[in-house]
Every structure is written in structure tokens, then in C-alpha cells.
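Asks: Start counting the sequence shown at 1; every next residue gets the next number (the numbering used here). For glycine and all other residues, C-beta sits at the position ideal for the given N, C-alpha and C. Can you read through this structure? Questions will come right after.
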Amino acid sequence: MASSQSGRPPEFPVKRALDLLGYPADAKLLIIHADDLGMCHSVNAAIFKALDEQTISSASAMVPCPGFGEAAEYAKRNPGRDLGIHLTLTSEWEKYRWGPVLGSQSCASLIDESGYFFGSTKNGKREIGEVRKELCAQVEQAVRAGLAPSHLDSHMLFPLENRDLAKAYIELGRHYEVPFLMSTSWTPGLESEIRETDILVDNIYSIRPGLPEQEWKNYYLRVLHSLKRGLSQLIVHPGFDDAELQAVTAGRAFWGAAWRQRDYDAVMSAEFRATIRDNNIQVVSWKQLNSLKQTAGVVSEH
Numbered sequence: 001m002a003s004s005q006s007g008r009p010p011e012f013p014v015k016r017a018l019d020l021l022g023y024p025a026d027a028k029l030l031i032i033h034a035d036d037l038g039m040c041h042s043v044n045a046a047i048f049k050a051l052d053e054q055t056i057s058s059a060s061a062m063v064p065c066p067g068f069g070e071a072a073e074y075a076k077r078n079p080g081r082d083l084g085i086h087l088t089l090t091s092e093w094e095k096y097r098w099g100p101v102l103g104s105q106s107c108a109s110l111i112d113e114s115g116y117f118f119g120s121t122k123n124g125k126r127e128i129g130e131v132r133k134e135l136c137a138q139v140e141q142a143v144r145a146g147l148a149p150s151h152l153d154s155h156m157l158f159p160l161e162n163r164d165l166a167k168a169y170i171e172l173g174r175h176y177e178v179p180f181l182m183s184t185s186w187t188p189g190l191e192s193e194i195r196e197t198d199i200l201v202d203n204i205y206s207i208r209p210g211l212p213e214q215e216w217k218n219y220y221l222r223v224l225h226s227l228k229r230g231l232s233q234l235i236v237h238p239g240f241d242d243a244e245l246q247a248v249t250a251g252r253a254f255w256g257a258a259w260r261q262r263d264y265d266a267v268m269s270a271e272f273r274a275t276i277r278d279n280n281i282q283v284v285s286w287k288q289l290n291s292l293k294q295t296a297g298v299v300s301e302h
């Protein structure tokens with residue numbers, strides 16, 4: 001994901017998000033979102049803390065991961081939290097792996113020789129029928145576990161790989177009648193798939209590899225200072241740099257234990273909160289958008 005993804009949005013998505021939430025046309029709306037809930041306990045604990053202290057407004061859970069059960073229990077105890085589903089088709093860590101919730105026999109094109117998801121979105125030749133079944137199964141398992149998803153998004157942005165994956169992703173959101181993360185910069189080539197009732201995000205921000213450690217907090221403060229009107233999403237990856245997360249992410253600095261601790265420290269800092277306030281940024285959530293979209297009766301028909 002690029003540090004900032006922006007495009008020339010059609011007017012209706014901006015108006016839809018602003019109108020649904022009752023803000024004027026020049027309002028700056030921001031979803032502060034944590035990816036990878038359910039990955040492991042260290043990540044879960046950091047995201048739970050950030051949600052409880054309202055330093056993030058949203059998170060999404062990886063259903064195939066070992067820590068998903070803990071995330072689902074948190075969701076049941078905290079029905080007011082904004083929790084979506086981080087649809088997952090990859091397993092990127094060398095020694096900490098996961099595979100399809102449907103099992104290897106139903107998803108042969110989605111797994112490597114060890115029975116786990118491939119480590120990259122570019123590995124393998126996924127059968128789109130198996131992709132659809134697995135993604136649907138992830139949503140169904142989450143719902144059975146007690147998580148009422150506020151939205152859908154994607155691990156490692158797999159919908160950007162090709163049109164078939166993008167269509168499967170969009171159609172899944174429509175089937176379950178929940179918003180799906182889609183940026184205005186992702187829509188070229190998908191114009192026929194996007195409807196006026198879809199909520200598109202104008203800008204998505206996330207730190208990319210290569211940023212010096214000492215610049216971590218400043219990156220986030222710069223994003224907040226320069227935020228534009230409309231709906232933006234800031235994606236973070238909180239976690240605690242402890243023995244568990246060090247073992248899980250061993251051998252990888254990018255999105256590893258230290259990276260996730262820096263993200264946690266940044267969003268929990270007093271400077272981060274003060275910069276949001278000082279720049280008149282309205283922190284919103286997918287849960288709010290989903291609820292108001294349903295109330296407004298703009299959910300698309302299947």
C-alpha cells in the first residue's frame with residue numbers, strides 16, 4: 001500500500017459519506033483503523049487497548065488466524081466496537097502460518113505444498129470459485145463466532161491484484177450488505193462495478209517500508225496536519241514488541257514486532273490526539289457509516 005493513495009473522486013462518494021454522517025461539505029472525516037486483529041495475542045492486546053481508549057476508531061479481524069477466537073470473544077463482550085473482517089488469502093510469516101477455514105481439500109488452488117495460504121498475493125494461480133467460497137466461509141465463521149461485521153477489507157490488498165478478485169470482493173460486500181473498503185484511486189477499470197450507493201474512501205494512508213524509525217510519529221502527525229476534506233482512512237498495525245510477537249515475525253523487520261510497537265506508541269501518544277483536535281478532524285467509524293447507510297435505505301440489492 002502506498003503511503004497515500006488518492007485519485008480524482010466522483011462527487012457522489014464524498015457527498016454520501018458527509019451526508020450520511022451529517023457533516024458540511026468541507027469536513028475532514030478520518031477512520032483510524034487497525035489491521036490484523038486476530039493475528040496473535042500480542043496484536044490483539046494492543047488493538048483492544050487502542051479501541052478501549054478510543055485512539056483508533058475501527059479494526060478488522062483475520063478469521064483464519066490462531067488469535068481469531070480471542071478477537072471474537074472481545075467482540076461479543078464489546079458489541080459497540082467497530083470491528084470488520086480482514087479477508088485473508090495469504091500467510092506471510094515464515095514460521096507462523098495459517099490456511100483456509102474451509103480446509104485444504106476445498107481450496108487446493110489457494111494453498112502451498114504445506115497446506116497454508118501462499119505467502120504473497122502474487123504466488124499461485126487462485127481459482128476464483130475457490131476464492132469466493134473461502135471468503136464467504138470467513139464471513140460466515142466470523143458471524144457464527146459472534147462478530148457482527150461493520151465492513152469488509154482485505155489483507156495485503158488482494159483485490160488490487162486483478163479484476164476477478166476485485167469483483168469477488170465487491171460482490172461479497174453487497175451480498176452481506178456491509179460497506180467494503182474501496183478507495184477512489186482503486187476504481188479505474190472497475191467503473192462498471194461501482195454504484196452511487198457505495199462508500200468510497202478519498203485517501204488511504206499507511207506507512208511503507210523505508211521510513212526511518214525516528215520519523216515514525218512525525219509521519220502520522222504530517223498526515224493529520226495535511227488531511228483534506230472528505231473521507232480518509234489511516235491504517236495502522238498496533239502490536240506489543242514482546243517475545244510472542246518477536247517470534248511470530250522473526251526475520252522480518254517490515255510490519256514486524258518493533259514496527260507494530262511504534263505504531264501503537266504513535267496512536268496512543270498525546271501529540272497524536274492533540275493534532276486531531278487542533279486540525280478539526282472528525283474521527284468516524286465504519287460502524288457509524290454502516291448503521292446510517294442501512295437506516296437511509298441505500299444498501300444495494302443483491
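Could you give the residue range of the alpha helix (DSSP H) that holds Gly69?
Replies: Along the sequence shown, read from residue 1 onward, the residue named residue 69 stands at position 69. Boundaries of the alpha helix (DSSP H) harbouring Gly69: 68-77, taken from the DSSP string.
Asks: Output the distance between the C-alpha atoms of Leu292 and Tyr23, rounded to the nearest integer angstrom.
Replies: By 1-based counting over the sequence shown, the position of residue 292 is 292. By 1-based counting over the sequence shown, the position of residue 23 is 23. Roughly 13 Å separates the two Cα atoms.
Asks: On the three-state DSSP scale, how would you describe Asp112?
Replies: Here residue 112 refers to the residue found at position 112 when the sequence shown is read from its first residue. Reduced to three states, the DSSP call for Asp112 is coil.
Asks: By the DSSP assignment, the beta strand (DSSP E) with Ala34 in it spans what residues?
Replies: Taking the sequence shown and counting its residues from 1, one reaches residue 34 at position 34. 28-37 is the span of the beta strand (DSSP E), which, as asked, contains Ala34.
Asks: Taking Glu130 as the reference, give the member of Asp153, Ser106, Ala27 with the closest Cα.
Replies: Mapped onto the sequence shown, residue 130 falls at position 130. The shortest C-alpha separation from Glu130 is found at Ser106.
Asks: So, using beta-carbon positions, are Val97 and Ser104 closer together than 7 Å?
Replies: Residue 97 sits at position 97 when you count from the first residue of the sequence shown. Residue 104 sits at position 104 when you count from the first residue of the sequence shown. According to the sequence displayed, residue 97 carries Arg and not Val. No, Cβ-Cβ distance for Arg97 and Ser104 is not below 7 Å.
Asks: Please classify Gly146 as buried or exposed, where buried requires at least 16 other C-beta atoms within 10 Å of its C-beta.
Replies: Working through the sequence shown from its first residue, we reach residue 146 at position 146. Its Cβ having fewer than 16 others within 10 Å, Gly146 is exposed.
Asks: Do Ile32 and Leu234 have their CB atoms nearer than 7 Å?
Replies: Taking the first residue of the sequence shown as 1, we reach residue 32 at position 32. Taking the first residue of the sequence shown as 1, we reach residue 234 at position 234. For Ile32 and Leu234, yes; Cβs fall inside 7 Å.
Asks: Closest by CA to Ser154, which one among Gln141, Tyr74, Gly173?
Replies: Here residue 154 refers to the residue found at position 154 when the sequence shown is read from its first residue. Of the candidates Gln141, Tyr74, Gly173, the one whose C-alpha sits nearest the C-alpha of Ser154 is Gly173.
Asks: Given a cut-off of 7 Å, decide if His151 and Trp286 are closer than it, judged by their beta-carbon atoms.
Replies: Indexing the sequence shown from 1 puts residue 286 at position 286. Indexing the sequence shown from 1 puts residue 151 at position 151. For Trp286 and His151, yes; Cβs fall inside 7 Å.
Asks: Taking only the alpha-carbon atoms, compute the straight-line gap between Ser58 and Asp82 and give it to the nearest angstrom.
Replies: Your numbering for residue 58 matches position 58 in the sequence shown. Your numbering for residue 82 matches position 82 in the sequence shown. Taking the straight line from one Cα to the other gives about 5 Å.
Asks: Looking at Gln217: is its Cβ nearer than 7 Å to the Cβ of Ala247?
Replies: Residue mapping note: residue 217 aligns to position 217 of the sequence shown, counting from 1. Residue mapping note: residue 247 aligns to position 247 of the sequence shown, counting from 1. Here residue 217 is Lys; the residue named in the question, Gln, does not match the sequence. Taking 7 Å as the Cβ cut-off, Lys217 and Ala247 do not qualify as a contacting pair.
Asks: Please report how far the alpha carbon of Ser192 lies from the alpha carbon of Glu271, in whole angstroms.
Replies: Looking up residue 192 in the sequence shown gives position 192. Looking up residue 271 in the sequence shown gives position 271. Going by the C-alpha atoms only, they are around 42 Å apart.
Asks: Rounded to the nearest angstrom, how far is the Cβ of Ala61 from that of Val236, given a contact under 8 Å?
Replies: Start at 1 with the first residue of the sequence shown, and residue 61 comes out as number 61. Start at 1 with the first residue of the sequence shown, and residue 236 comes out as number 236. At roughly 15 Å, the Cβ-Cβ gap does not stay under 8 Å, so Ala61 and Val236 are not in contact.
Asks: Taking the CB atoms as reference points, tell me whether Gly80 and His41 lie closer together than 7 Å.
Replies: Translated into positions along the sequence shown, residue 80 becomes position 80. Translated into positions along the sequence shown, residue 41 becomes position 41. In this structure, His41 does not lie closer than 7 Å to Gly80 by Cβ.
Asks: Could you give the distance in angstroms between the alpha-carbon of Met182 and the alpha-carbon of Asp19?
Replies: Translated into positions along the sequence shown, residue 182 becomes position 182. Translated into positions along the sequence shown, residue 19 becomes position 19. Going from the Cα of Met182 to the Cα of Asp19 covers about 18 Å.
Asks: To which residues of the same chain is Arg262 closer than 6 Å at the C-beta, ignoring the five residues directly before and after it?
Replies: Numbered from 1 along the sequence shown, position 262 holds the residue referred to as residue 262. Once the five neighbours on either side are set aside, the close Cβ partners of Arg262 are Trp216.
Asks: I'd like to know whether the C-beta atoms of Val284 and Leu89 end up nearer to each other than 7 Å.
Replies: In the sequence shown, residue 284 corresponds to position 284, counting from 1. In the sequence shown, residue 89 corresponds to position 89, counting from 1. For Val284 and Leu89, no; Cβs fall outside 7 Å.
Asks: Please classify Ile56 as buried or exposed, where buried requires at least 16 neighbouring CB atoms within 10 angstroms.
Replies: Counting from one through the sequence shown, the residue named residue 56 turns up at place 56. Buried: at least 16 other Cβ atoms inside 10 Å.
Asks: Could you check the C-alpha separation between Pro9 and Lys228 for me, to the nearest Å?
Replies: The count along the sequence shown starts at 1 and reaches residue 9 at position 9. The count along the sequence shown starts at 1 and reaches residue 228 at position 228. Any reading at Pro9 must be qualified, since the residue scores a pLDDT of 44, below 50, and its modelled position is unreliable; the value itself is stated next. Roughly 13 Å separates the two Cα atoms.
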